[in-house]
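Step one of this worksheet: look at the structure below.
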Amino acid sequence: MGLELASEILASVDGPTDTDWDAAWLAELDRRTEAAQKTGESGAGWSEARARILKRLGHA
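Below, the structure is given as structure tokens:
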């Protein structure tokens, strides 16, 4: 029930889907994935990424 309610709340403030934005974001994700694969980057794990984000926000 909680997840369904959260989804409804988010949908009510998000507004209609912008297909141009969705397509642009997906293209950017593809570009970044391809660039990472070319350089052999594996990316950071969630705990490392979360720690860096919290540090930038001053919550560490």
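Sequential numbering from 1 applies to the sequence shown in the numbering used here.
The beta-carbon is built from N, C-alpha and C at its ideal position, and this holds for glycine as well.
Alpha helix (DSSP H) containing residue i: first to last residue?
| i | result |
| --- | --- |
| residue 26 | 19-39 |
| residue 2 | 2-14 |
For residue i, name the three-state secondary structure that DSSP assigns.
| i | result |
| --- | --- |
| residue 44 | coil |
| residue 54 | helix |
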